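J.: Everything in the sequence shown is counted per my numbering, starting at 44 for the first residue and increasing by one.
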Amino acid sequence: MLSRSHLSLLAALLLGCPTGGDDDDATRPAPILVDDDDDSTAPLDTGTPVSVPGSFGSTCDEVEPNDAPVIPGTTNTTDPPWADATDCGDIGGTGAILGITGRIDHLVQDSWGGDTDSFRFRATETMSPAVTVQWDPLQGDFDARLWCGSGTAWADRADGGLATSSAPEQIAETAELEAGTECYLFVSGFSGPVADYVVWLVVP
44 MLSRSHLSLL
54 AALLLGCPTG
64 GDDDDATRPA
74 PILVDDDDDS
84 TAPLDTGTPV
94 SVPGSFGSTC
104 DEVEPNDAPV
114 IPGTTNTTDP
124 PWADATDCGD
134 IGGTGAILGI
144 TGRIDHLVQD
154 SWGGDTDSFR
164 FRATETMSPA
174 VTVQWDPLQG
184 DFDARLWCGS
194 GTAWADRADG
204 GLATSSAPEQ
214 IAETAELEAG
224 TECYLFVSGF
234 SGPVADYVVW
244 LVVP
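1. Could you compute how far the alpha carbon of Ala-111 sits from the alpha carbon of Tyr-240?
2. Terminal residues of the continuous beta strand (DSSP E) containing Gly-232?
3. For the beta strand (DSSP E) that Arg-200 lies in, which residues bound it at each end?
4. Let's see if you can read the secondary structure: which residues bound the beta strand (DSSP E) around Gly-142?
5. Output yes or no for whether 8 Å exceeds the beta carbon distance between Val-246 and Gly-145.
6. In the DSSP assignment, find the beta strand (DSSP E) that holds Thr-89 and state where it starts and stops.
7. If contacts are defined as beta-carbon pairs under 8 Å, then Cys-191 and Glu-216 qualify, I think. What distance do you get, rounded to the angstrom?
8. For the ligand NAD, I want to know if Ala-173 counts as a neighbour, meaning its beta carbon is within less than 7 Å of at least one of the ligand's heavy atoms.
9. Use the C-beta contact count for Pro-124: other C-beta atoms within 10 angstroms, 16 or more gives buried, fewer gives exposed.
10. Under 6 Å Cβ to Cβ from Leu-181, same chain only, skipping five residues before and after it: list those, please.
11. Expressed to the nearest angstrom, what Euclidean distance is found between the alpha-carbon atoms of Thr-193 and Glu-168?
12. Name the residue from Met-170, Gly-204, Ser-161 and Gln-177 whose alpha carbon lies nearest to the alpha carbon of Val-242.
13. Grab me the residues of Glu-105's own chain with a C-beta within less than 6 Å of its C-beta, minus the 5 sequence neighbours each way, in chain order.
14. In whole angstroms, what is the alpha-carbon distance linking Arg-165 and Ile-140?
15. Identify whether Asp-122 lies in helix, strand or coil by the three-state DSSP scheme.
16. Leaving out the 5 sequence neighbours to the left and right, which residues in its chain are closer than 7 Å to Asp-148 when beta-carbon positions are compared?
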């Protein structure tokens with residue numbers, strides 16, 4: 044009969060010695076994608092950037108705090124004027140008349156509930172500028188609204204065209220802005236990662 048020590052030795056010979064794990068055995072974290080819809084298997088939408096003008100008639104960098112007053116639980120704002128809006132001054136002329144820069148540093152996916160920015164400017168002459176909103180990285184969806192005075196009320200002179208699923212957001216022209224019209228621009232990240240953005244107005 045084999046002794047206990049002989050049985051242990053035999054088992055070791057049959058089973059072999061345990062081996063240490065190598066790098067291939069390690070559990071690697073799965074990549075995390077920020078998704079802008081309800082299908083968690085779909086990658087984040089990515090847009091094709093357009094060329095940013097090389098220079099602007101005037102520039103305007105956001106100054107915090109400049110949060111726009113979003114109505115909670117909606118994709119809508121209260122009417123201007125907004126006291127905290129960054130003042131971009133008077134604009135006029137032709138070409139790329141105004142370039143606005145800022146950063147959305149917090150998003151609540153599929154809503155306007157995160158960081159929002161607002162700006163104001165005044166048209167010195169009658170114009171119908173083209174408007175582009177572009178962000179970097181150009182993923183997900185940023186939105187903008189352009190509220191301008193219209194008599195005693197306020198109207199979105201972009202007619203909702205800067206709050207679509209496009210990346211970047213663009214309109215060929217606004218409804219006509221008369222000389223002296225005051226406008227408030229709202230920018231929000233609807234979905235995707237935090238990003239820097241640039242908005243520019245071009246008058247042909």
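Just so it is clear, CB atoms sit at the ideal spot from N, CA and C, and this is done for glycine as well. In this text, all values refer to a predicted model and were calculated from it rather than measured experimentally.
T.: Working from what's here:
1. Distance between the alpha carbons of Ala-111 and Tyr-240: 16 Å.
2. Per DSSP, Gly-232 belongs to the beta strand (DSSP E) from 225-234.
3. Where Arg-200 is concerned, there is no enclosing beta strand (DSSP E), because DSSP gives it neither an H nor an E.
4. Residues 138-147.
5. No, these two residues do not count as a Cβ contact at 8 Å.
6. Premise fails: Thr-89 is in no beta strand (DSSP E) and is neither H nor E.
7. Rounded, the Cβ-Cβ distance is 13 Å, inconsistent with contact.
8. You won't find the ligand NAD in this model; it holds no ligand whatsoever.
9. That one is exposed.
10. Residues Gly-90, Pro-92 and Ala-210 of the same chain have their beta carbon placed closer than 6 Å to that of Leu-181, with the five preceding and five following residues left out of the count.
11. Thr is not the amino acid found at residue 193; the sequence shown has Ser there. Here the C-alpha atom of Ser-193 lies approximately 15 Å from the C-alpha atom of Glu-168.
12. The candidate whose alpha carbon is nearest that of Val-242 is Gln-177.
13. Leaving aside the five residues that flank Glu-105 on each side, the residues in its chain whose CB is nearer than 6 Å to its CB run, in chain order, Thr-129, Gly-145 and Asp-160.
14. For Arg-165 and Ile-140, the gap between their C-alpha atoms comes out near 12 Å.
15. In this structure, Asp-122 counts as coil in the three-state DSSP scheme.
16. For Asp-148, where only same-chain residues beyond five positions count, the Cβ hits under 7 Å are Asp-158 and Val-237.
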